[in-house]
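Colleague: A single structure is presented below for examination.
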Amino acid sequence: MSATNTKGGDRPRNANDAYETDPRLALAIARQVRAAFGEFDLVVEPSAGGGAFVRAARQTWRYSRIVAIEPFGAHARPHVVGGVATPLHDAGADGVLRTRWEDYVEAWEPPAEQRRLTLANPPFALGEAHIRLALERSRVGDVVAMLLRGSMLASAARVRGLWRAWPPSHVWNLAPRPSFTGGGSDSAEYVVVAWSLPCTGAGYVGGWLDWRPVGIA
29 MSATNTKGGD RPRNANDAYE TDPRLALAIA RQVRAAFGEF DLVVEPSAGG
79 GAFVRAARQT WRYSRIVAIE PFGAHARPHV VGGVATPLHD AGADGVLRTR
129 WEDYVEAWEP PAEQRRLTLA NPPFALGEAH IRLALERSRV GDVVAMLLRG
179 SMLASAARVR GLWRAWPPSH VWNLAPRPSF TGGGSDSAEY VVVAWSLPCT
229 GAGYVGGWLD WRPVGIA
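So the sequence shown is numbered by my numbering: it starts at 29 and just counts up by one.
Next comes the structure, spelled out in structure tokens:
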């Protein structure tokens with residue numbers, strides 16, 4: 029899934045905003061989150077698509093329980109009829125739920141003493157809804173990190189609404205601009221926004237995440 033738009037609106041959007049995250053970017057984000065926040069008992073990827081963040085999480089938090097939530101994509105379907113293994117299991121998920129993020133089963137919640145990370149690149153049209161649900165379900169000590177278009181930071185409505193109600197603790201600007209279509213970027217800026225619960229409103233730590241090695245497309 030992705031928070032991208034098609035450049036100039038010259039072609040139709042992918043169904044369900046299914047634009048996959050570059051695996052190198054997902055891994056760079058996971059490592060940045062670990063450096064900032066440490067270890068987690070549970071990592072959840074809503075709208076997981078092909079599971080770029082599932083793979084990155086498995087490489088980054090080897091002993092965490094990882095849950096992928098994906099209602100539409102083939103990666104959440106069993107390999108064989110009646111089977112339980114899916115491509116998202118192969119990517120590293122311990123559990124795969126073929127359901128919408130808003131219908132996430134609370135039975136998968138970790139015990140109160142365990143930390144959870146919600147890590148995702150939400151569909152553009154559902155970005156704010158995904159963020160709000162993740163934050164509402166989080167507890168003190170939990171972290172939410174989302175890959176978003178930079179334009180989400182500048183919306184006056186969000187400044188007075190989402191960002192005031194849920195001020196982030198970290199914002200990392202991505203360089204170079206990522207592509208979600210396998211070709212060039214859409215000339216939009218992208219950021220990773222993270223919230224560490226409780227949200228205090230004391231301001232956020234800013235910086236840049238230079239995620240792609242120089243000279244490698």
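In this text, a Cβ means the ideal position worked out from N, Cα and C, and glycines have one as well. None of these values were measured; they are calculated from a predicted model.
Alpha carbon to alpha carbon, what distance is there between L161 and P106?
Modeller: Here the question's residue 106 lines up with position 78 in the sequence shown. Here the question's residue 161 lines up with position 133 in the sequence shown. So the two alpha carbons sit approximately 27 Å from each other.
Colleague: Using the rule of at least 16 other Cβ atoms within 10 Å of the residue's Cβ for burial, across every protein chain shown, is S215 buried or exposed?
Modeller: Locating residue 215 in the sequence shown gives position 187, counting from the first residue. So S215 ends up on the exposed side.
Colleague: Could you pull out every unbroken alpha helix (DSSP H) segment of at least 4 residues lying fully inside the segment 56 to 143, listed in chain order?
Modeller: 80 to 88, 115 to 119
Colleague: Helix, strand or coil for V187? Go by DSSP, reduced to three states.
Modeller: As a working note, residue 187 is residue 159 in the sequence shown. If DSSP states are grouped into helix, strand and coil, V187 belongs with the helices.
Colleague: Report yes or no: do three or more beta-carbon pairs, one from the segment 78 to 85 and one from the segment 54 to 61, lie closer than 8 Å?
Modeller: yes
Colleague: Alpha carbon to alpha carbon, what distance is there between V109 and W200?
Modeller: The residue labelled residue 200 in the question sits at position 172 within the sequence shown. The residue labelled residue 109 in the question sits at position 81 within the sequence shown. C-alpha separation (whole angstroms): 42 Å.
Colleague: What is the residue span of the alpha helix (DSSP H) that R165 lies within?
Modeller: The sequence position of residue 165 within the sequence shown is 137, counting from 1. It spans 155 to 165 - the alpha helix (DSSP H) in which R165 sits, taken as one unbroken run.
Colleague: Indicate the three-state DSSP secondary structure (helix, strand or coil) for G235 in the structure shown.
Modeller: One-based indexing of the sequence shown puts residue 235 at position 207. Strand at G235.
Colleague: Count the other CB atoms, across all protein chains shown, that sit within 10 Å of the CB of E73; report buried if there are 16 or more and exposed otherwise.
Modeller: Your numbering for residue 73 matches position 45 in the sequence shown. Counting of Cβ neighbours within 10 angstroms places E73 among the buried residues, the total reaching 16 or more.
Colleague: Looking at the secondary structure, which residues open and close the beta strand (DSSP E) in which S215 lies?
Modeller: Position 187 of the sequence shown, counted from the first residue, corresponds to residue 215. Counting along the chain, S215 sits inside no beta strand (DSSP E), nor does DSSP assign it H or E at all.
Colleague: Measuring CA to CA, which of E130, R143, A64, W236 is closest to P204?
Modeller: In the sequence shown, the residue the question calls residue 204 occupies position 176. Answer by Cα proximity: W236.
Colleague: Closest to P241 by C-alpha separation, out of V220, A64, P206, V233, would be which residue?
Modeller: Translated into positions along the sequence shown, residue 241 becomes position 213. Ranking V220, A64, P206, V233 by Cα distance to P241 puts P206 first.
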